[in-house]
Every structure is written in C-alpha cells, then in structure tokens.
C-alpha cells in the first residue's frame, strides 16, 4: 500500500469563519489573514494505492469556478487536482474509488471539470462514495452552510457517475475504513488507513489544520460544534496512542504530522520523520 498527499487546489477562506469564537489576535498568529480577512487554505487530498484499487480521498475545490468564484475565494488556477495526480504518474481513468468526507464544494468540486458550457465527471470510471445522510442533506438544503453545497455539481455527479453509500462506519477496500464523525456536518466521515508502513488518519474537517488541534478552536462553519469538539479529542487521542500519521485537509503549510500530548493544549503536531 502507498499513500500520497495530493494537492487539489489552494484558496482563501474568511479567518473568522475558519476559527469561530477564537479571537483574531490568537488565530492570526497561526494563519495570518490578507487585507480581506481571508486565511490561506490548502485543499489536500489523499491517493491510496493498494494492489486492488486506487482510492482518491476528497477532490479539492477543482477548476470549475468562473472568474467571479476564483476571485472570491482567491483560488489559484495554477494548482489543479489532475495536474497533481499527473505529477505522481496517475491518470484520472486509473482512479477506482472517489471517497468523499462530505460534499462541501472545497472537498467535492474537484470531481468535476468544465466541458464547454457543461460540467462532466473527472473520474467517470470511479465509484463515488459518501454517507447517505450527507447526500440527502446536501440535496435538501438541510444545513446552515447550504451555499457550500453546489446543486448543479450534485446533480451532474449523481447522474453521470457511479455511486454507493455508507451508513455509519464501513470498510471501503481492504485497509481503508471510514468512521462517521458528524460535527462539521451531521454525516461527515473521517478516513482511517491501515496496512501500510504507517497507519494514517484523515480527519477531514473535524481537524482541518494543525491549529485546530486546540480543543476550543472549532470552525464557525461547523453545524454541530460540540460534536466536533468531542470527536476531534477522541481522534487525536487515538492518533497519539497508536502513533498514527495525521493528514490535514486544509493546513496551508504541511500535509501531515504526528501528534504528541501537550499539557497546555492537549495535543501538538510534530514532523513525522518517516523511516527510509
């Protein structure tokens, strides 16, 4: 098994929304904002290659946005998921599974491409996977973040691509599991990968960056912030005890870390120092 961090885009999001109730003088030390109060946010994905499958975890923000959308979110047009995959020798047609933590555009829009005036799936031959409740909520607007669900994208993806649904915890392929966490959305799922040289946790938006390891640093985007608060502490404790690698989805500076316990803030991220 091989796991590779894949950059699926780079954008900027409102700093206040990213850090919720945390005062700006604190969070700006971790991620300095621009003149519009936007902080840097990578859209990191994972490529998991096993003997039987090539699983892509999340797809980033994609390149399907028009000029207005690119300007609003400061999306870097030079960074695309397809180019990042090509950089490690993988063609979209080789992807067998697209595993989505949830359906907000910065995690799912990279599954689509512009085809003239239309949208088309990037991974047409892949099985797309998300929690059933997440798709239901996205379709029916059951979210305070309903604008983060793009109706046109969902319609195209569900009509033109193959899908299956998880309902709670499930194994996707041998060595790749999802655990339903809730928190960020009611049906958000995190991904745990076993069987390689190192076990790995992809918490998704429950712990989007190293800064969000702090217990009360919870995004204003989260539908269920107390669930996020609880889940991230449980996941961080498991990652620390079992020496997992933690792969961040939105950290602007690093794709992954190991965790160590910290008496002051609970857990601290350190460089993994992989063995050769």
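Numbering (my numbering), first residue to last: 6 to 281. In this text, a Cβ means the ideal position worked out from N, Cα and C, and glycines have one as well. It should be emphasised that the depicted structure is a prediction, and the values quoted were computed from it without experimental measurement.
- Bounds of any beta strand (DSSP E) do not take in residue 97, whose DSSP letter is neither H nor E.
- As for any beta strand (DSSP E) of minimum length 3 sitting wholly inside the region 95-160, the runs are 102-104, 117-120, 123-126, 132-136, ordered along the chain.
- For the 7 Å CB-CB criterion, residue 276 and residue 49 do not form a contact.
- Distance from the Cα of residue 175 is smallest, within the candidate group 167, 212, 198, 189, for 198.
- Just measuring C-alpha positions, the residue of 141, 92, 262 sitting nearest residue 250 is 262.
- The C-alpha of residue 71 lies about 10 Å from the C-alpha of residue 77.
- Membership of residue 67 in any alpha helix (DSSP H) is not indicated, and neither H nor E is assigned to it by DSSP.
- In this structure, the alpha-carbon of residue 186 lies about 6 Å from that of residue 236.
- As for any alpha helix (DSSP H) of minimum length 4 sitting wholly inside the region 226-265, the runs are 230-246, ordered along the chain.
- Annotation: the continuous beta strand (DSSP E) that includes residue 45 extends over 43-54.
- Taking the Cα of residue 107 as reference, the smallest distance to any Cα among 24, 26, 194, 59 is reached at 194.
- Under the DSSP assignment, residue 76 falls in the alpha helix (DSSP H) whose first and last residues are 72-77.
- Contact between residue 69 and residue 29 fails: their C-beta atoms lie close to 32 Å from each other, not under 8 Å.
- Bridge partners of residue 24 according to DSSP: none are assigned.
- Remark: fewer than three beta-carbon pairs, one from each stretch, lie closer than 8 Å, so the region 83-90 and the region 209-224 are not flagged as touching.
- Taken atom to atom, the span from the alpha-carbon of residue 124 to that of residue 165 is near 10 Å.
- Look at residue 209 here: in three-state DSSP terms it is helix.
- Taking residue 227 as the centre and dropping the five residues before and after it, the same chain places the C-beta of 188, 189, 233 closer than 7 Å to its C-beta, in chain order.
- When the beta-carbon positions are compared, residue 252 and residue 272 stay at least 7 Å from each other.
- Non-local C-beta neighbours of residue 35 in its own chain, meaning closer than 7 Å and more than five positions away in sequence, comprise 216, ordered along the chain.
- Between residue 102 and residue 138, the gap from beta carbon to beta carbon reaches 7 Å or more.
- Distance from the CA atom of residue 158 to the CA atom of residue 66, rounded to whole angstroms, is 12 Å.
- Under DSSP, residue 62 shares a beta bridge with 51, 104.
- Rounded to the nearest whole angstrom, the C-alpha separation of residue 14 and residue 152 is 19 Å.
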